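Asks:
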Ligand SMILES: C[S@@+](CC[C@H](N)C(=O)[O-])C[C@H]1O[C@@H](n2cnc3c(N)ncnc32)[C@H](O)[C@@H]1O
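Residue numbers (my numbering): 4 to 274.
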């Protein structure tokens, strides 16, 4: 297998430097610093009251969402494998005057890095596609939660991940389950926010995990799934045909057969 971890990390380090500048406003950093809660409506309406909870934000990136959780009264820890992302996250916390702990580490090392006593593990929007082994992810999430603690997950729906837009149509292009040892290899010359700066580290590797693998990874790790929701919106423009709504979510155009674009779920570790 190629060294996916170091390739992806180098790519994310570069993305983090671009994202913190937020030249296109995709990360809503100006609104966040002005005091707004910039979580998307999907998670904002689903996470419930988190005040006073110990929350771990896995793959926290530059910390915008982590700090929104802090504003909601949670004690937050963000974990990410990109040093640049965490440096920017700490800077953002300072600028916003919010308390947060940011810890460097690969997701699979998370229990050794941050322990296993969280009330909520929160992971959203661009997460498991970077992880080669979804069963190990389930085990890690279970290990991070205290008894009675819960996972909140929201991300791209596996049904649309195999698709690409070609000549205005969505065409199955990738397999629905990416083998752990044979990742999908991509070249990203620039990031997805619309900022056109060119990357030096363009190579990156991803995995598509089907719905059954995601759910079974959690079930086999002893978590009880209590809620699964499919949504017709996504926080980024995955296909050129998508249009952005007033709620900042992108959707398929009117007249296109409806497809689930994102998936959210809650799962609890038995008390
Ligand atoms: C799309 S971003 C997640 C964005 C997040 N929703 C937020 O709050 O901004 C993906 C993040 O996953 C991190 N990442 C990718 N693979 C990782 C891994 N194996 N371990 C830890 N972090 C990883 C990247 O560094 C990046 O910050």
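Quick reminder that beta carbons are idealized off the backbone N, C-alpha and C, glycines included.
Just so we're clear, the structure is a prediction, and the values are computed from it rather than from any experiment.
#1: Let me confirm a value: residue 60 is counted as buried when at least 16 other C-beta atoms fall within 10 Å, else exposed. Which label applies?
#2: Would you call the segment 71-84 in contact with the segment 48-63, where contact means no fewer than 3 C-beta pairs closer than 8 Å?
#3: Taking 7 Å as the cut-off, is the CB of residue 151 close to at least one heavy atom of ligand 1?
#4: Nearest CA to the CA of residue 223: which residue from 231, 212 and 141?
#5: Quick check: the segment 257-267 against the segment 179-198, are there 3 or more CB pairs under 8 Å?
#6: Run the CB neighbour count on residue 105, radius 10 Å, all protein chains shown included, and call it buried at 16 or more, exposed below.
#7: Is the Cβ-Cβ distance between residue 75 and residue 45 less than 8 Å?
#8: Is residue 181 helix, strand or coil by DSSP?
#9: Could you tell me whether any non-hydrogen atom of ligand 1 is closer than 7 Å to the CB of residue 184?
#10: State yes or no: is the C-beta of residue 109 nearer than 7 Å to some heavy atom of ligand 1?
#11: For residue 130 versus residue 170, is the C-beta spacing smaller than 8 Å?
#12: Taking its Cβ as the centre, do 16 or more other Cβ atoms sit within 10 Å of residue 203, making it buried, or is it exposed?
#13: Where do the N-terminal and C-terminal ends of the alpha helix (DSSP H) with residue 172 fall, by residue?
#14: Would you kindly report the start and end of the unbroken alpha helix (DSSP H) that includes residue 92?
#15: Can residue 186 and residue 7 be called in contact, C-beta distance under 8 Å?
#16: Going by C-alpha to C-alpha distance, which of 179, 211 and 123 sits closest to residue 271?
Replies: Let me spell this out:
#1: On the chain shown, position 57 is the one that residue 60 refers to. With 16 or more other Cβ atoms within 10 Å, it is buried.
#2: yes
#3: Locating residue 151 in the chain shown gives position 148, counting from the first residue. For ligand 1, not one heavy atom lies less than 7 Å from the Cβ of residue 151.
#4: Position 220 of the chain shown, counted from the first residue, corresponds to residue 223. With distances taken between Cα atoms, residue 223 lies closest to 141.
#5: no
#6: Taking the first residue of the chain shown as 1, we reach residue 105 at position 102. Under this definition residue 105 is a buried residue.
#7: Walking along the chain shown from the start, residue 75 turns up at place 72. Walking along the chain shown from the start, residue 45 turns up at place 42. No, the pair does not count as a contact, with Cβ atoms beyond the cut-off.
#8: Here residue 181 refers to the residue found at position 178 when the chain shown is read from its first residue. Residue 181 falls in the coil class under three-state DSSP.
#9: Position 181 of the chain shown, counted from the start, is the residue given in the question as residue 184. Because no heavy atom of ligand 1 lies under 7 Å away, the Cβ of residue 184 does not count as near it: no.
#10: Your numbering for residue 109 matches position 106 in the chain shown. Answer for residue 109: yes, Cβ within range of ligand 1.
#11: Taking the chain shown and counting its residues from 1, the one referred to as residue 130 is at position 127. Taking the chain shown and counting its residues from 1, the one referred to as residue 170 is at position 167. No, they are not a contact pair.
#12: Taking the first residue of the chain shown as position 1, residue 203 is located at position 200. With fewer than 16 Cβ atoms within 10 Å of its Cβ, residue 203 is classed as exposed.
#13: Along the chain shown, one-based indexing puts residue 172 at 169. Segment 172-175 is the beta strand (DSSP E) holding residue 172; no alpha helix (DSSP H) there.
#14: One-based indexing of the chain shown puts residue 92 at position 89. Looking at the DSSP string, the run of the alpha helix (DSSP H) that includes residue 92 is 86-99.
#15: Residue 186 sits at position 183 when you count from the first residue of the chain shown. Residue 7 sits at position 4 when you count from the first residue of the chain shown. In this structure, residue 7 lies closer than 8 Å to residue 186 by Cβ.
#16: The residue given as residue 271 occupies position 268 in the chain shown. Nearest option by C-alpha distance: 123.
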